[in-house]
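Working notes, structure below.
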Amino acid sequence: MSLPLFSILVANYNNGKYFQDCFNSLVAQSYQNFEVIIVDDCSTDNSVKTIEKMIEKDSRFKLWTNEKNKGCGFTKNRCVTLAQGQICGFLDPDDAITSNAIEIMVSEHMGNPECSVIYSNFISCDDNLIISFVRKTNQVVNGKQDFYNFDGAISAFATFKKSIYEKTLGINKNLMRAVDQDLYLKLYDIAPVKYIDEDLYLYRIHEGGISTNHNGEKAFFWHWIVIQDRCNRLGINPENIFLEIFTRKRYEEKRNQEIAYLKDKIVKVKNSKWLKVGAFLGLFKNYKQL
């Protein structure tokens, strides 16, 4: 039996300086029957020249450019359209995957033909792609009408069957952010999804990423647009959903502020001159935490 072709999908905008790590992780794959579809969204840096030079000797890599800047939704939609593989997975150009990532995902998809999405844990890294921590996720309950992936349980490395994707409306071309959430929810509604406890995706945290410059708040807004679209598809009133996620987000923000305040107070107490004097006099010898 022939091994399925796997399509790595890369939507690039101004990430030329990070692409070397992405490229290196792909050529190091243990599974070799793959293609890499790269679509550049009119980058203003040296991305196109950088990528062209890296991939010129490897025919598995194919580069397209949009005629004008169209945004993330359009670019990722085009990536899937251009893909020839039976199995697809997005890889951001500033990130990387482990050398066995494609091999593991192909095996899982072949063993679970009914699943639309198979997803793993991801590894959070700093600007130099040095590991900070592993973000473990979990198996979501399939077939729930009120599932919206609020907590990001379905996340990178998320791979999907193109044949099932083609049964959906496809990625919303108008989305600027939360494009992956749109993809996951549409596939979730068509067929079961499966979690595997493997650490396969290296996610780079850097300036300009989702965790900086208010991009998290922007992503939250676009995630809400995705939720509204899903409610419309399923005939659900989105008002109660909005109240649920809005109030929970406000609660979590308040709780985090309170924790930060308490930590600050503890540090100030520990650094106070009176505590140091008391410690010198032996007044706190029974309080080891001080």
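Numbering of the sequence shown is given in the numbering used here, commencing with residue 234 and proceeding in unit increments.
A virtual CB, placed ideally from N, CA and C, is assigned to each residue, including glycine.
Computed from a predicted model, the values in this text were never measured in an experiment.
Sort out for me which residues DSSP pairs residue i with in a bridge.
i, result
"residue 427", "351"
"residue 460", "None, per the DSSP bridge assignment."
"residue 595", "For residue 595 there is no data in the structure shown, the boundaries of the chain being 234 and 523."
"residue 329", "435"
"residue 270", "242 and 295"
Could you confirm whether any beta carbon from chain B is found closer than 8 Å to the beta carbon of residue i?
i, result
"residue 387", "Considering every chain present, this structure includes no chain B. It has just one protein chain."
Specify the secondary structure class of residue i as computed by DSSP and reduced to three states.
i, result
"residue 244", "strand"
"residue 468", "coil"
"residue 258", "helix"
"residue 363", "coil"
"residue 357", "strand"
For residue i and residue j, which I take to be in contact (beta-carbon distance under 8 Å), what is that distance rounded to the nearest angstrom?
i, j, result
"residue 243", "residue 324", "6 Å"
"residue 347", "residue 424", "6 Å"
"residue 429", "residue 322", "Not a contact, Cβ separation roughly 13 Å."
"residue 375", "residue 367", "With a Cβ gap of about 24 Å, residue 375 and residue 367 do not count as contacting."
"residue 459", "residue 414", "5 Å"
"residue 264", "residue 335", "4 Å"
"residue 248", "residue 280", "6 Å"
"residue 406", "residue 256", "Actually they are not in contact, since the Cβ atoms of residue 406 and residue 256 sit about 27 Å apart, beyond 8 Å."
"residue 254", "residue 329", "5 Å"
"residue 412", "residue 275", "About 17 Å separates the two Cβ atoms, so there is no contact after all."
Can you have a look at residue i and say buried or exposed, based on whether 16 or more other CB atoms are within 10 angstroms of its CB?
i, result
"residue 468", "exposed"
"residue 261", "exposed"
"residue 351", "buried"
"residue 444", "Because the pLDDT at residue 444 is just 48, under 50, the model does not fix this residue reliably, and the point stays unresolved."
"residue 226", "Because residue 226 is not part of the residues shown, which for the chain are 234 to 523, the question remains open."
"residue 382", "buried"
"residue 493", "exposed"
"residue 495", "exposed"
"residue 318", "buried"
"residue 364", "exposed"
"residue 302", "exposed"
"residue 455", "buried"
"residue 236", "exposed"
Q: Would you list, in sequence order, the uninterrupted beta strand (DSSP E) runs of no fewer than 3 residues that lie entirely inside the region 274 to 315?
A: 294 to 298
Q: Would you list, in sequence order, the uninterrupted beta strand (DSSP E) runs of no fewer than 3 residues that lie entirely inside the region 368 to 440?
A: 391 to 394 and 426 to 437
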